[in-house]
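Numbering of the sequence shown is given in the numbering used here, commencing with residue 2 and proceeding in unit increments. All C-beta atoms, glycine included, are put in the ideal place defined by N, C-alpha and C. In this text the structure is predicted, and so the values were computed from the model without any measurement. In what follows, a structure is listed as structure tokens, so that the remarks can point back to it.
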Amino acid sequence: MPQSTHNRVAELHNLAAHAHAAAAVAHGKGDHLTAHELSQQALEHSRNALKLAEELAREARTSSKT
């Protein structure tokens, strides 16, 4: 399994965490529109990370059967 794919999953999780933190700061400053946009961005990164991690798990199961 290519390590770069694992790195990409980790990167997406980190991007999601950063967007969540930035959303919290924006919300704390009363900028609710920006906070909402950043929260949406964090959700998208999280979903992409999940999708890629699930693909990796499927590949691992398939390769272990052969």
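Check your understanding: From Thr6 to Leu57, what does the alpha carbon distance come to, in whole angstroms?
Key -> 8 Å
Check your understanding: Secondary structure at Lys30, three-state DSSP: helix, strand or coil?
Key -> coil
Review point. Is it the case that the Cβ atoms of Leu53 and Leu13 are separated by a distance below 8 Å?
Key: yes
Point to revise | C-alpha distance - Ala18 paired with Ala43, whole-angstrom precision | key: 7 Å
Practice item. Output the distance between the C-alpha atoms of His37 and Glu55, rounded to the nearest integer angstrom. Key: Taken atom to atom, the span from the alpha-carbon of His37 to that of Glu55 is near 27 Å.
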